[in-house]
Amino acid sequence: MAIFDTLAIGVSGLNAAEMQITTTGHNISNIDNESYTRQRVVQTAKEPFHNIPGDVGNGTQVDQIIRIHDEFSYNRLKNSESALSYTGYKQDILQEITQRFPDLKDVGILKDLENYFNAWNNFASKSSDGSQKINLIQLTQTLSENIRKASDELYKMKKTVNDQLKINVEEFNRLGQQIADINGEIARIESIKGNNANDLRDKRDQLERAMAKLVNITAFKGSLESNTAIDRNITDMGQDYSLNLGGFGIVEGTAFHPLVLKSESAASDFQAIYYERQDGRLINIMPSITGGQIGAELELRGRYIDASTGQTSDGTIQSYINNLDTFAKTLITQTNNIYAKSAQNKVNSNDLSFLKPENSLINFDDTIKEGTFDVVVYDKQGKEVARKTIEINRTTAMNSGLDSNSIVTQFNTNSDDNKDKNSLNDVDDYFSASYIYHDDKNLGQLSINPKFNNDEYFISFEDNGTNFPGVVGLNRFFDGNSSKNIRVNSVLSDDPVKLQGFKAPIDGNNEVANEIVQLQYKKLEFNGKNSFGKEETIEGFYRFLTTQIAAQTETNNNAHETNKALYTTALQEFQSISGVSMNEELTNLIRFQSSYGASAKIITTVEKMLDTLLTLKQ
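All residue numbers for the sequence shown refer to my numbering, where the first residue is 1055 and numbers rise by one.
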């Protein structure tokens, strides 16, 4: 072993200490970088000189620089961030909805509903008072307007969530492409043995965590390695890489498969999320997406889009819209069902969408039940002159040709309704029914017109449990069939004087108005997509709607608090392993500075030894 070998030992110590100081400085400078994982220099002894009487050391060498990373604690952190993002976004949206649907008697739609029935009560006491008619119409318009406004706000909320979903899917694709690009860089750098792309792996982890906040993802990194000799927490350095979303491969090494947004119909505001296979086939993956903000958005907006309507058929917000529609439709139907008793000299139903003449009424609207309703004819003095009972069963249609069971056929049949053996004084002798369906517009309308061109006779409808008059809108008080289009019949809003509180076309006992007043106390059957067969009062069902919103908001708030605690725990665990400790790094800095000084001392000593040798030669 030569003296210059001793010099090389000093130089190796100097280089190693410099590398240790550089790495420590790198750690300290990134102490505020949340995505940074602290690094350590792996230092080993060089191959010694094999001599007699024993091996002589040959200095030190830096094998590699590794990061102190535990994949298991990292995955726990990533999953907790996904769950926190999921409940956090839901919390923002649900709390905003809750504020718009307070479960309080003296505010909002509940107050409007109370005013509505109070106005009917006042009108029932003074049905000939024009001011009471105007008051009732105005308060009904307020109720209708606020129901429509609530429906519109829910739809706008769903549209806002949908718009955010589009932005987040684009962000997901951008992050996925960046990960694929980084995988290429990592593979290139680590192709040289001993080279570790630590900072690039940190960057990839940062992108993964950002993706996890959007959606629940799973990353596979091949065979992980541990290095307990350096740190018992190290579990890292898998060479392969794939990232899955709901079982679909999004990133495979350097290959990236983006998500595709596609509208189900040209008129739809809502888009579905597809995965494009290598053969170009699109697969709807929305049912497979969970967690993160995108998962929350899909749960709120809905995962399934009806191609015929372009609207979502599921989702939390849609369930609120469905319940509000059920509330409004039942209010409309039951009020109209009673108001149909008020006699008019001619009748036109609502425009009935897609109700072809031969279609079953019960299949058209599940609110229509099997049973009967009576058609009653009055003269202008208010005397009942004719009455006919019309039956509805499962096959009854509006006008199915020769079928004697249809509404039009039953109405127009020449029968002795009065049982007086006189075929000239029955319902069909005073009025005729027709049903016109326009195929180009897919709209139909039932019309009942007098056979005499005067105001001698009037017609009304008394239901016996079918809900038919209220559903189709015969002699209606409300127009519309949902929360989106509920409003006062334009005939009445244009001229409140035409409002009636009695059945016969003369001032009477106000039976119609009184029955509508009692409607507020009656338990009704609410048939909707999310509340089929539920029996409640009108106010009770609205409270069910607001209570459901409040309960789901509270449940999510509790889940969010739990997720915050889990995230805090996971972050602390991750930081305790991979985070930079200033005290530890400063201690290391002093230690490595001493090593650097000691190595320099070796070099100085060798220099003096060389001077001594040179002096001897002289």
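Just so you know, even glycine gets a beta-carbon here, dropped at the ideal spot from N, CA and C. All values reported here derive from a predicted model rather than from experimental measurement.
Worksheet item: Using a Cβ-Cβ cut-off of 7 Å (strictly less than) and excluding sequence neighbours within five positions of residue 1118, which residues of its own chain qualify?
Response: Around residue 1118: 1096, 1248 and 1250.
Worksheet item: How far does the alpha helix (DSSP H) with residue 1571 in it reach, from first residue to last?
Response: Bounds of the alpha helix (DSSP H) holding residue 1571 are 1565-1573.
Practice prompt. Can you have a look at residue 1149 and say buried or exposed, based on whether 16 or more other CB atoms are within 10 angstroms of its CB?
Written response: Exposed is the call here.
Discussion item. I need the straight-line Cα distance from residue 1151 to residue 1211, nearest angstrom please.
Written reply: Their backbone Cα atoms lie some 8 Å apart in a straight line.
Discussion item. Please state the DSSP three-state secondary structure of residue 1363.
Written reply: Here residue 1363 sits in coil by DSSP.
Worksheet item: Looking at C-alpha atoms only, which residue of 1451, 1200, 1501 and 1088 is the closest neighbour of residue 1540?
Response: If we check each option's Cα against that of residue 1540, 1200 comes out closest.
Item to complete: Return the CA-CA distance between residue 1564 and residue 1175, expressed in angstroms with no decimal places.
Response: Straight-line Cα distance between these residues: approximately 10 Å.
Worksheet item: So is residue 1299 buried or exposed if we call it buried at 16+ other beta carbons inside 10 Å?
Response: Result: buried.
Item to complete: State the DSSP-derived secondary structure class of residue 1104, mapped to helix, strand or coil.
Response: Three-state result, residue 1104: coil.
Practice prompt. Quick one: grab the DSSP three-state call for residue 1332.
Written response: Per DSSP, reduced to three states, the secondary structure at residue 1332 is coil, with no helix or strand assignment.
Discussion item. Considering only the alpha carbon of each residue, which of 1518, 1547 and 1512 lies closest to residue 1556?
Written reply: Answer by Cα proximity: 1512.
Fill in: Segment contact flag, the region 1257-1274 with the region 1342-1352, C-beta cutoff 8 Å, min 3 pairs
The answer is yes - the region 1342-1352 touches the region 1257-1274, with three or more Cβ pairs under 8 Å.
Worksheet item: Just to confirm, are residue 1423 and residue 1535 a CB contact at a threshold of 7 Å?
Response: The Cβ atoms of residue 1423 and residue 1535 lie no closer than 7 Å to each other.
Worksheet entry | For residue 1533, the residue or residues it bridges with in DSSP | Looking at the DSSP output, residue 1533 shares a beta bridge with 1541.
Worksheet entry | Per-residue burial, residue 1530 [other beta carbons within 10 Å of its own, 16 or more giving buried] | With 16 or more other Cβ atoms inside 10 Å of its own Cβ, residue 1530 counts as buried.
Worksheet item: Counting along the chain, where does the beta strand (DSSP E) carrying residue 1487 start and finish?
Response: Looking at the DSSP string, the run of the beta strand (DSSP E) that includes residue 1487 is 1485-1492.
Worksheet item: Taking the C-alpha atoms as reference points, what is the distance between residue 1359 and residue 1317?
Response: Cα to Cα, residue 1359 sits roughly 9 Å from residue 1317.
Discussion item. Comparing C-alpha positions only, which one of 1271, 1239, 1256 and 1234 sits nearest to residue 1122?
Written reply: Considering only alpha carbons, the answer is 1256.
Worksheet item: In this structure, does DSSP put residue 1554 in helix, strand or coil?
Response: It is coil, neither helix nor strand.
Practice prompt. Given a cut-off of 7 Å, decide if residue 1131 and residue 1625 are closer than it, judged by their beta-carbon atoms.
Written response: A distance below 7 Å separates the beta carbons of residue 1625 and residue 1131.
Worksheet item: What separation, rounded to the nearest whole angstrom, lies between the Cα atoms of residue 1142 and residue 1357?
Response: Roughly 19 Å between the two C-alpha positions.
Worksheet item: Are the beta-carbon atoms of residue 1484 and residue 1462 separated by less than 7 Å?
Response: Against a cut-off of 7 Å, the Cβ pair of residue 1462 and residue 1484 comes out as no contact.
Discussion item. Given this structure, state the Cα-to-Cα distance separating residue 1549 from residue 1392, to the nearest angstrom.
Written reply: Whole-angstrom Cα-Cα distance: 20 Å.
Practice prompt. Please say whether residue 1245 and residue 1274 have beta carbons closer to each other than 7 Å?
Written response: Taking 7 Å as the Cβ cut-off, residue 1274 and residue 1245 do not qualify as a contacting pair.
Worksheet entry | Alpha carbon of residue 1173 to alpha carbon of residue 1537, nearest angstrom | Answer to the nearest angstrom: the Cα atoms are 21 Å apart.
Fill in: Among 1583, 1590 and 1354, nearest to residue 1576 - alpha-carbon criterion
Residue 1590 is the option with its Cα nearest to residue 1576.
Worksheet item: From this set, 1084, 1351, 1441 and 1294, which residue's C-alpha is nearest residue 1270's C-alpha?
Response: Closest option to residue 1270, Cα to Cα, is 1351.
Item to complete: Check the C-beta distance from residue 1611 over to residue 1145 and give it rounded, since I have them as a contact under 8 Å.
Response: Confirmed, Cβ separation roughly 6 Å.
Worksheet item: So, using beta-carbon positions, are residue 1116 and residue 1070 closer together than 7 Å?
Response: The Cβ atoms of residue 1116 and residue 1070 sit closer than 7 Å to each other.
Practice prompt. Given a cut-off of 7 Å, decide if residue 1542 and residue 1191 are closer than it, judged by their beta-carbon atoms.
Written response: Cβ atoms of residue 1191 and residue 1542: closer than 7 Å.
Practice prompt. Quick one: give me the first and last residue of the beta strand (DSSP E) that residue 1448 is part of.
Written response: Unbroken run through residue 1448: none, as it is neither H nor E.
Worksheet entry | N-terminal and C-terminal residue of the alpha helix (DSSP H) that residue 1256 is part of | From DSSP, the alpha helix (DSSP H) with residue 1256 extends over 1252-1268.
Item to complete: Assign residue 1321 to one of two classes, buried (16 or more other C-beta atoms within 10 Å of its C-beta) or exposed (fewer than that).
Response: In summary, residue 1321 is exposed, with fewer than 16 beta-carbon neighbours lying within 10 Å of its beta-carbon over all protein chains present.
Fill in: residue 1428 (DSSP reduced to helix, strand or coil)
Per DSSP, reduced to three states, the secondary structure at residue 1428 is strand.
Fill in: Residue(s) in a DSSP beta bridge with residue 1296
Within the DSSP bridge table, the entry for residue 1296 names 1274 and 1306 as partners.
Worksheet entry | Start-end ranges of the alpha helix (DSSP H) lying completely within the region 1121-1193, minimum 4 residues | The qualifying runs are 1125-1154 and 1162-1179.
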